[in-house]
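*Asks:* Have a look at this one before I ask anything.
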Amino acid sequence: MADEKENIGDKKYKYSIIIPTYNERLNIAIIVYLIFKHLRDVDFEIIVVDDGSPDGTQDIVKQLQQLYGEDRILLRARAKKLGLGTAYIHGLKYATGDFVVIMDADLSHHPKYLPSFIKKQLETDASIVTGTRYVKDGGVHGWNLMRKLTSRGANVLAQTLLWPGVSDLTGSFRLYKKLVLEDVISSCVSKGYVFQMEMIVRASRKGYQIEEVPITFVDRVFGTSKLGGSEIVEYLKGLVYLLLTT
Amino acid sequence: MKHIVKILSLLAAISAFWIGLLQAAIIPRSHTWLLPIYFVVSLGCYGLLMVGVGLMQFPTCPQEAVLLQKDITEAKEFFKHKGVDVGSD
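Heads up: the sequence lines are chains A and Z, in that order. Just so you know, we're using the UniProt record's numbering here: the first sequence kicks off at 1 and counts up by one. Just so you know, we're using the UniProt record's numbering here: the second sequence kicks off at 1 and counts up by one.
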C-alpha cells in the first residue's frame, strides 16, 4: 500500500498558494485545474486575491469553489487594483499552510513545476525555493532578441552590483516557508518587479537559505515589449536603492 | 554588514593596493597611473562578454508553448463537462 504512488508531498505539511488576479477569468480556471492535476497527494489551498476584476473573475472562482470545495479555494478579494506586494500581504493573512507559494495567474508560471519546488524544499530544508528561467533546464518562450538582451543585461548588472546568490532575480514563482515570507515581506517597500528583487535580496542578506529550481516561462503578452524607457529607469533606480539599503 | 559597506571596503582595499604600488614604484609610475582605467575598462569588457555569452546561451523552450495549449484544451474540456462556463479567451 505504501509505495504505489510517488508521494512528493509530506502529508503533514500544508501549502498555501497565493495567486493575485486581475482580469484572469479564463486563466484562473485553467490554473486551478492544473494545480489539482499536479498536486494530487498534497495538502494545499489556493488563495485567489482578486482586485475587483470587471471581467467576472470572481464569478468563475465561486464556481470553482463549488466544484473543488471552499476549503481548497479561498476567494479573498479586494475592492480595486492595489498592487502585488499588498496582494501577497493580504493573502498571507488567510494562509493556513506551513509554506506559501506565490505565482502569476496568466499561465506564464506552470503548476507542473510545483512538485519540484516542494521536493527541493523537502530535500534541502530551504527557507525559499525560487524558480529560475535562466538555467539549462529552464527557459523562456515568446521573447524577441531585444527583450532577451535587456533581460540579460539587467541580470549581469544586478549580479555585479548586488551579489544576490540567485540566477533569476525578477522571477515571481517562489515557495517560501510561511514565517520567512512574513519576515521578509514586512521589510520590503518597492513596487512591481523591483519588489520581487527586493524580496530575494533582503532574504539573502538575512541569511535565509535559498535554493533554485529550473522553470520554463511562456510569456503570455505576445508582441508588445513591456520594456520602455521608463521601465529601464525604474529598474536602475531600484538597483541603486537595493545597493544602498540592503 | 550592509552590502554597500562590503563593496566600499573592497574598493578601499584595491585603492590602498594601487597607492602602495605608486609609492613602491615596482612598476614604472606612468603605468601605475593608468591601472584604474585598465581596471574599469576590463570590468566593462567582462560585463559585455557576460551579456553576449548569456544571450547566445539563452535557454528557450518553444515546445512549452505547444504543451501549454494542450493543457488549456484539456482544462476547457474538463470544465465543459462539469458545467463551469469559462467563456472564451
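For every residue, glycine included, the Cβ atom is placed at its ideal position computed from N, Cα and C.
Round the Cβ separation of A158/A and L169/A to the nearest angstrom and send it over; I've been treating them as touching at under 8 Å.
*Replies:* With a Cβ gap of about 5 Å, A158/A and L169/A count as contacting.
*Asks:* Does R76/A come out as helix, strand or coil in the three-state DSSP assignment?
*Replies:* Coil, per DSSP.
*Asks:* Note the first and the last residue of the continuous beta strand (DSSP E) segment covering S127/A.
*Replies:* Run containing S127/A: none; DSSP gives neither H nor E here.
*Asks:* Using 8 Å as the cut-off, can you tell me whether the region 105–120 of chain A makes contact with the region 184–191 of chain A, which would need three or more C-beta pairs spanning the two stretches below that distance?
*Replies:* No, because fewer than three Cβ pairs between the region 105–120 of chain A and the region 184–191 of chain A fall closer than 8 Å, the two stretches do not touch.
*Asks:* So does the region 61–77 of chain A actually touch the region 21–36 of chain A, counting three or more Cβ pairs closer than 8 Å?
*Replies:* Yes, the region 61–77 of chain A is in contact with the region 21–36 of chain A.
*Asks:* According to DSSP, simplified to helix, strand and coil, what is H31/Z?
*Replies:* Three-state DSSP puts H31/Z in a helix.
*Asks:* Distance cutoff 9 Å, beta carbons only. Does G238/A sit that close to anything in chain Z?
*Replies:* No, G238/A does not count as interfacial toward chain Z.
*Asks:* In this structure, does DSSP put residue 272/A in helix, strand or coil?
*Replies:* One cannot answer for residue 272/A here, as it falls past the ends of chain A, which runs 1 to 246.
*Asks:* Anything in the region 146–157 of chain A with a Cβ closer than 9 Å to a Cβ of chain Z? List those residues in chain order, please.
*Replies:* Answer in chain order: K148, L149, S151, R152, G153, N155, V156, L157.
*Asks:* Do the region 36–53 of chain Z and the region 118–126 of chain A touch if we need at least three Cβ pairs shorter than 8 Å?
*Replies:* Cβ pair count under 8 Å is below three, so no.
*Asks:* 9 Å is my cut-off, CB to CB: does L64/A come that close to chain Z?
*Replies:* For L64/A, the answer is yes, since a Cβ of chain Z falls inside 9 Å of its Cβ.
*Asks:* Taking only the alpha-carbon atoms, compute the straight-line gap between L239/A and E77/Z and give it to the nearest angstrom.
*Replies:* Cα to Cα, L239/A sits roughly 45 Å from E77/Z.
*Asks:* Which same chain residues, not among the five before or five after L49/Z, have their C-beta less than 8 Å away from its C-beta?
*Replies:* No residues qualify anywhere along the chain.
*Asks:* What would DSSP say about I232/A, mapped onto helix, strand or coil?
*Replies:* Helix at I232/A.
*Asks:* Could you pull out every unbroken alpha helix (DSSP H) segment of at least 4 residues lying fully inside the region 36–123 of chain A, listed in chain order?
*Replies:* Segments of the alpha helix (DSSP H) lying fully in the region 36–123 of chain A: 57–68, 84–94.
*Asks:* Give me whichever residues DSSP pairs with S16/A in a beta bridge.
*Replies:* S16/A pairs with E45/A, V100/A.
*Asks:* Looking at D51/A: is its Cβ nearer than 9 Å to the Cβ of R25/A?
*Replies:* No, these two residues do not count as a Cβ contact at 9 Å.
*Asks:* Taking its Cβ as the centre, do 16 or more other Cβ atoms sit within 10 Å of V5/Z, making it buried, or is it exposed?
*Replies:* So V5/Z counts as exposed.
*Asks:* How far does the beta strand (DSSP E) with Y176/A in it extend, from its first residue to its last?
*Replies:* Y176/A -> beta strand (DSSP E) spans 174–177.
*Asks:* Under 7 Å Cβ to Cβ from H90/A, same chain only, skipping five residues before and after it: list those, please.
*Replies:* Taken in chain order, the residues that qualify are V49, R76, R78.
*Asks:* What is the C-beta distance between G142/A and V218/A, in whole angstroms, given that I count them as a contact (C-beta under 8 Å)?
*Replies:* At roughly 6 Å, the Cβ-Cβ gap stays under 8 Å, so G142/A and V218/A are in contact.
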